[in-house]
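So for the sequence shown, my numbering puts the first residue at 43; every next one is plus one. Each residue gets a CB set at the ideal place from its N, CA and C atoms; glycine is no exception. As the structure is a prediction and not an experimental result, all values here were calculated from the model.
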Amino acid sequence: MPVNEESGAIVFIVDDDASVRDSLRWLIESVQLPVQCFATAQDFLDGYKNQQTGCVVLDVRMPGLSGLDLQEELQQQNFVLPVIIITGHADVPMAVRAFKSGVFDFIEKPFNDQHLIDRIQQAIEKSRSQKVSIQRRQDARDRLQKLSSREKQVLDCIVAGCSNKTMARELDISVKTIETHRANLMSKIEAGSVSELVRIALLAERSKED
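Following this line, the structure appears as structure tokens:
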């Protein structure tokens with residue numbers, strides 16, 4: 043679906059050429075997308091707030107930090123927004139470096155306006171999907187925080203596929219106590235089934251890795 047300003051998405055333009063910034067702003071705002079412009083990579087790093095939906099469009103050659111330097115810095119910071127690099131000075135090593143650093147796309151000038159808009163729309167859709175995934179993982183982690191240390195041990199055993207008898211033996215408690223812990227943790231996590239319980243536990247584990 044088309045993405046517009048009601049989605050909360052912002053397109054960040056980072057380019058040292060004022061005429062390019064103005065041209066890109068006009069193009070992107072023509073499809074009702076809000077834009078914020080920065081003249082240098084450092085300006086972007088200093089001025090960026092925790093925006094969760096949108097994308098970054100940046101040039102490669104800029105004073106100070108280059109576009110590729112900025113992308114690599116953002117990757118180290120676990121930056122969530124997709125990055126589109128545009129350049130009039132592309133070569134194979136540059137493209138390889140860009141994609142290895144996780145850019146969403148690498149577009150050479152001169153580019154087709156509609157192609158750039160399409161890729162920006164797709165990048166924003168990706169950011170929206172990522173936002174939903176992040177929220178789900180955080181929700182799963184928050185649910186697990188409600189569990190006692192013993193309930194977390196029981197949950198780990200459930201995820202590992204252990205039977206109640208096996209859990210009772212490994213944790214040195216009775217099967218009845220295991221059943222009580224299972225019922226309690228199902229209630230605390232608000233899981234309607236064991237499969238949902240496992241899904242939530244795995245999502246929470248992924249949240250820790252992130």
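For residue i, the three-state DSSP class (helix, strand or coil)
| i | result |
| --- | --- |
| residue 237 | helix |
| residue 57 | coil |
| residue 146 | coil |
| residue 246 | helix |
| residue 50 | coil |
| residue 97 | strand |
| residue 73 | coil |
| residue 135 | helix |
| residue 205 | coil |
| residue 107 | coil |
| residue 62 | helix |
| residue 172 | helix |
| residue 141 | helix |
| residue 164 | helix |
| residue 153 | coil |
| residue 113 | helix |
Residue i and residue j closer than 8 Å at C-beta
| i | j | result |
| --- | --- | --- |
| residue 228 | residue 244 | no |
| residue 52 | residue 76 | yes |
| residue 223 | residue 196 | yes |
| residue 69 | residue 155 | yes |
| residue 153 | residue 137 | no |
| residue 216 | residue 225 | no |
| residue 167 | residue 143 | no |
Selection from the options that minimises the alpha carbon distance to residue i
| i | options | result |
| --- | --- | --- |
| residue 161 | 246, 241, 97 | 97 |
| residue 169 | 232, 101, 220, 92 | 92 |
| residue 151 | 183, 109, 127 | 127 |
| residue 123 | 79, 143, 95 | 95 |
| residue 246 | 118, 157, 181 | 181 |
| residue 187 | 242, 142, 135, 234 | 242 |
| residue 203 | 237, 131, 191 | 237 |
| residue 15 | 199, 208, 205, 120 | Nothing in the structure corresponds to residue 15, since the chain is present only between 43 and 252. |
Nearest-angstrom Cβ-Cβ length linking residue i and residue j, presumed shorter than 8 Å
| i | j | result |
| --- | --- | --- |
| residue 174 | residue 146 | At roughly 17 Å, the Cβ-Cβ gap does not stay under 8 Å, so residue 174 and residue 146 are not in contact. |
| residue 83 | residue 107 | 4 Å |
| residue 140 | residue 116 | Actually they are not in contact, since the Cβ atoms of residue 140 and residue 116 sit about 12 Å apart, beyond 8 Å. |
| residue 59 | residue 105 | That pair is no contact at about 11 Å. |
| residue 185 | residue 220 | Actually they are not in contact, since the Cβ atoms of residue 185 and residue 220 sit about 20 Å apart, beyond 8 Å. |
| residue 63 | residue 79 | 5 Å |
| residue 176 | residue 73 | Rounded, the Cβ-Cβ distance is 26 Å, inconsistent with contact. |
Segment limits, beta strand (DSSP E) that includes residue i
| i | result |
| --- | --- |
| residue 78 | 77 to 80 |
| residue 125 | 125 to 129 |
Bounding residues of the alpha helix (DSSP H) (the contiguous stretch that carries residue i)
| i | result |
| --- | --- |
| residue 219 | 217 to 231 |
| residue 89 | 83 to 89 |
| residue 199 | 191 to 201 |
| residue 120 | Note, residue 120: premise wrong, no alpha helix (DSSP H); not H, not E. |
| residue 102 | No alpha helix (DSSP H) contains residue 102, which DSSP labels as neither H nor E. |
Proximity test, residue i beta-carbon vs the ligand FMN heavy atom, cut-off 7 Å
| i | result |
| --- | --- |
| residue 151 | With respect to the ligand FMN, the structure offers nothing, as it holds no ligand at all. |
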